[in-house]
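Each number in the working numbering corresponds to the 1-based position in the sequence shown with 22 added.
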Amino acid sequence: MDCRNKRAIVRAERIKANGGSHTKEEWEALLARSPTCAVCGRNWPEVPPRPDSRYKNTWTKGHKIPIFHGGSDAISNIQAECYECNFKKNAGKLKTSKDHVVARDQDRFSRAFCFVLKSGKEIYPVKMKCRETGKIAFRISPGGTGGNTKKASEEVDETTMMHKVLLDGYAVRCSSLDGEVNGLYKAGHRSVREVRRSA
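Okay, structure coming up:
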């Protein structure tokens, strides 16, 4: 068995474990409503032809939250992406330090609010999994000296996290949905433009 087949088997097992599914009709309907790449915004004709001539389309099926990080295969987690953006993804980027890793469940992001960075990127509070205890929770810190260390942080539920971050000025571990940006952020952080609450 070659490495591509092994990767396909591992991926299929992850999709099954994560749950969610979609039909061919749901995907075709989503694609029909997607004239551009959800990541870079280019129209499909603007994307260079794929290097492998066996593939005629420049669009691919992408997952908003990668399967590797617990993303569901439900249509709500699917988007149309150009092959270049899809192939540039590095699912491993959501991993962090030796003390903690991003939780592998698909509900790890809080959608109650997000920080909008000056770059326009949206980042969301994210649950972390403690290697030592296995606990999955939002990690917050009062900030300041040592605020980024595990010792200075608290592991809390979403309600407590929202109160301490939005009212008491705590920082919280955040990540963008694509995993490109992650770290400790709070309102008033030099790179945060605004706090956007969900409707």
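For every residue, glycine included, the Cβ atom is placed at its ideal position computed from N, Cα and C.
Next on the checklist: Taking 8 Å as the limit between beta carbons, can you name the residues of its chain near D179, skipping five residues before and five after?
Outcome noted: A159, F160
Next on the checklist: Could you tell me the alpha carbon to alpha carbon distance between R219 and I145, rounded to whole angstroms?
Outcome noted: 12 Å
Checklist entry - Where DSSP assigns a beta bridge to S163, which residues make up the other side? => result A193
Checklist entry - Can you tell me where the alpha helix (DSSP H) with K151 in it begins and where it stops? => result Looking at the DSSP string, K151 is not in any alpha helix (DSSP H); the run it does join, the beta strand (DSSP E), is 149 to 152.
Checklist entry - Which residues in the same chain have their Cβ closer than 7 Å to the Cβ of A51, if we skip the five residues on either side of it in sequence? => result none
Checklist entry - Which residue from R212, C104, H91, F109 puts its Cα closest to that of T13? => result For residue 13 there is no data in the structure shown, the boundaries of the chain being 23 and 221.
Checklist entry - Thinking just about the alpha-carbon of each residue, which of P147, E176, A30 is nearest to the one in C196? => result P147
Item to check | Straight-line gap, D200 to I87 (C-alpha atoms, nearest Å) | outcome: 6 Å
Item to check | The alpha helix (DSSP H) enclosing K181, as first and last residue numbers | outcome: In the sequence as presented, Lys is not what sits at residue 181; that position holds Thr. From DSSP, the alpha helix (DSSP H) with T181 extends over 180 to 188.
Item to check | Same chain only: Cβ atoms within 7 Å of G205, ignoring 5 sequence neighbours per side | outcome: C196
Item to check | Alpha carbon of K222 to alpha carbon of S75, nearest angstrom | outcome: For residue 222 there is no data in the structure shown, the boundaries of the chain being 23 and 221.
Checklist entry - Leaving out the 5 sequence neighbours to the left and right, which residues in its chain are closer than 6 Å to K110 when beta-carbon positions are compared? => result none
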